[in-house]
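Enquirer: To convert, take the position in the sequence shown, counting from 1, and add 3; that gives this note's numbering.
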Amino acid sequence: MNYFSSDFTLGILGGGQLGKMLLYETRKYDIRTIVLDPSADAPCRIACNNFEQGSLMDFDTVYNFGKKADVLTYEIELVNVKALEQLEKEGVKVFPSSKTLRTIQNKATQKLFYVDHEIPTAPFTRFAYTSEILPAMEHEALSFPFVWKSTQFGYDGMGVKVIRKAEDLNELPNVECIAEHMIPFKNELAVIVSRNVSGEVKTYPVVEMEFHPEANQVEYVICPARIDESVAQKAQEIALKVSNAIEHVGLLAVEMFQTEDDHILVNEVAPRPHNSGHYSIEASYTNQFEQHLRAILDLPLGKTNSKLAGIMVNLVGAEGHFWDVVYENIEDIMKMDGVTPHIYGKRETRPFRKMGHVTIIHEEVAEARKIAQKVKETINVISKNN
Numbered sequence: 004m005n006y007f008s009s010d011f012t013l014g015i016l017g018g019g020q021l022g023k024m025l026l027y028e029t030r031k032y033d034i035r036t037i038v039l040d041p042s043a044d045a046p047c048r049i050a051c052n053n054f055e056q057g058s059l060m061d062f063d064t065v066y067n068f069g070k071k072a073d074v075l076t077y078e079i080e081l082v083n084v085k086a087l088e089q090l091e092k093e094g095v096k097v098f099p100s101s102k103t104l105r106t107i108q109n110k111a112t113q114k115l116f117y118v119d120h121e122i123p124t125a126p127f128t129r130f131a132y133t134s135e136i137l138p139a140m141e142h143e144a145l146s147f148p149f150v151w152k153s154t155q156f157g158y159d160g161m162g163v164k165v166i167r168k169a170e171d172l173n174e175l176p177n178v179e180c181i182a183e184h185m186i187p188f189k190n191e192l193a194v195i196v197s198r199n200v201s202g203e204v205k206t207y208p209v210v211e212m213e214f215h216p217e218a219n220q221v222e223y224v225i226c227p228a229r230i231d232e233s234v235a236q237k238a239q240e241i242a243l244k245v246s247n248a249i250e251h252v253g254l255l256a257v258e259m260f261q262t263e264d265d266h267i268l269v270n271e272v273a274p275r276p277h278n279s280g281h282y283s284i285e286a287s288y289t290n291q292f293e294q295h296l297r298a299i300l301d302l303p304l305g306k307t308n309s310k311l312a313g314i315m316v317n318l319v320g321a322e323g324h325f326w327d328v329v330y331e332n333i334e335d336i337m338k339m340d341g342v343t344p345h346i347y348g349k350r351e352t353r354p355f356r357k358m359g360h361v362t363i364i365h366e367e368v369a370e371a372r373k374i375a376q377k378v379k380e381t382i383n384v385i386s387k388n389n
């Protein structure tokens, strides 16, 4: 099929920053795009050929939108899967498939999938409602501390909470959830696996993630991960095992724990470009967004090696700041060598909302990490009104 400078249409469900960065690549190749998002101010609006406002969870809205596309992809998992299944039956190509999304969309289903396929993961218990947890603890089926996760609608630290005492449960919604054993770990790692329609597979290097202790959000992504080669090899192998089991097309970001004794446990996965791959925009031969596009259009996959060490710093809204955003001191970080800010196009900030990211590239990962720290301490995402 001729994708380039033609009537071929790629549909993207979700118009956030991931979609916007994917559109950089469709623009590069002159591929026609349409985007659906519930927000009239979605970041994607400025870069696609046609933008539609509508709910991603409404069957008719997704179905009618999908009928206008030759290939359909998504930048968020909160999409009506039944609509995708119907579109596939009628010949629309959906990548990753509705089957892949159905496996991943619910965290309990995802965890059971790991168990069924002998993929190492933290032990867990599934509950229909949060209110069932305390009675289970009384029967010694569970003990403090553990990690509570809503099975659906969680993202960017939302829908996840460490439970250390019974009172912590009072703040939580009464929804389907899992209670996961707390794993003592020394690193959180991630591997992005790319797979095209023909079955060609490539992995990106293992990255290391440093998290904000309160917001449970990634603050830094470091590539290459500062781990032993044997651990990196194990992480790559497990990521490939997950990818083969799920049989996705496109990108699959596999987040993992490295335990104190160097075992690798899968935490969760995302079937799309991912925060852990943003460093690749400046550091890799083929960035993750171009690779996702190549995969879903069954084009040859690009080289995934890094040209230089890369670190990504998330830019999130400062605490106590709401509404019209200001990127304080952005000029100061732009004076630094190897530093590139990416602004997502969200006009209104709020505490811990992802507003952008900064990549840092350098020959030495240790030096890149020092610059990343300086970037983090210099730029502030605040509001005009405060």
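Each residue gets a CB set at the ideal place from its N, CA and C atoms; glycine is no exception. Treat the numbers as computed from the prediction; the structure is a model and nothing was measured.
For the alpha helix (DSSP H) containing Leu-137, name the first residue and the last one.
Expert: 136-141
Enquirer: In three-state terms, what does DSSP make of Cys-51?
Expert: Of the three classes helix, strand and coil, the one that applies to Cys-51 here is coil, per DSSP.
Enquirer: Leaving aside the five residues before and after Asp-301 along the sequence, list all residues of the same chain whose C-beta is less than 8 Å from its C-beta, in chain order.
Expert: Asn-199, Val-200 and Ser-201
Enquirer: Can the beta-carbon of Ile-314 be found less than 7 Å from the beta-carbon of Ile-225?
Expert: yes
Enquirer: Who are the Cβ neighbours of Pro-138 in its own chain at under 6 Å, not counting the five residues just before and after it?
Expert: Answer for Pro-138: no residue qualifies.
Enquirer: With DSSP run on the structure shown, which of helix, strand or coil describes Pro-344?
Expert: strand
Enquirer: What does the alpha-carbon distance come out to for the pair Val-95 and Ala-298?
Expert: Approximately 16 Å between the Cα atoms of the pair.
Enquirer: For Phe-54, I'd like the list of residues in its chain whose CB is within less than 6 Å of its CB, leaving aside the five on either flank, ordered along the chain.
Expert: Val-38 and Arg-48
Enquirer: Does the Cβ-Cβ distance between Val-196 and Ser-134 come in under 7 Å?
Expert: no
Enquirer: Just how far apart, CA to CA, sit Gln-155 and Asn-109?
Expert: Their Cα atoms are separated by approximately 5 Å.
Enquirer: State the DSSP-derived secondary structure class of Thr-112, mapped to helix, strand or coil.
Expert: helix
Enquirer: So what's Leu-175 in DSSP terms, helix, strand or just coil?
Expert: coil
Enquirer: In the DSSP assignment, what residue or residues form a beta bridge with Gln-56?
Expert: Asp-40
Enquirer: Report buried or exposed for His-360, applying the criterion of at least 16 other Cβ atoms within 10 angstroms of its Cβ.
Expert: buried
Enquirer: Am I right that Val-150 and Val-165 are in contact with their C-beta atoms under 8 Å? What's the rounded C-beta distance?
Expert: 6 Å
Enquirer: Could you check which residue in Val-65, Thr-106, Ile-107 and Glu-78 has the C-alpha nearest to that of Leu-87?
Expert: Val-65
Enquirer: Should Arg-167 go down as buried or exposed, given a rule of 16 or more other Cβ atoms within 10 Å for buried?
Expert: exposed
Enquirer: Note the first and the last residue of the continuous beta strand (DSSP E) segment covering Val-384.
Expert: 383-386
Enquirer: Do His-107 and Val-252 have their C-beta atoms closer together than 7 Å?
Expert: Position check: residue 107 holds Ile in this sequence, whereas His was assumed. No.
Enquirer: Identify every run of the beta strand (DSSP E) within the segment 182-227, keeping only runs that are complete inside it and at least 3 residues long; order them along the chain.
Expert: 188-198, 204-206, 210-214 and 221-226
Enquirer: Can you look up Ser-101 in the DSSP assignment and give me helix, strand or coil?
Expert: helix
Enquirer: Where do the ends of the beta strand (DSSP E) carrying Met-315 lie?
Expert: 312-319
Enquirer: Determine the burial state of Ala-369: buried for a count of at least 16 other Cβ atoms within 10 Å of its Cβ, exposed for fewer.
Expert: With fewer than 16 Cβ atoms within 10 Å of its Cβ, Ala-369 is classed as exposed.
Enquirer: What do you reckon, are the CB atoms on Ile-364 and Gly-341 nearer than 7 Å?
Expert: yes
Enquirer: Starting from the C-beta of Glu-213, find all residues in its chain whose C-beta is less than 6 Å away, skip the five residues before and the five after it, and write them out in chain order.
Expert: Glu-222 and Tyr-223
Enquirer: Using the three-state DSSP reduction, which class does Gln-155 fall into: helix, strand or coil?
Expert: coil
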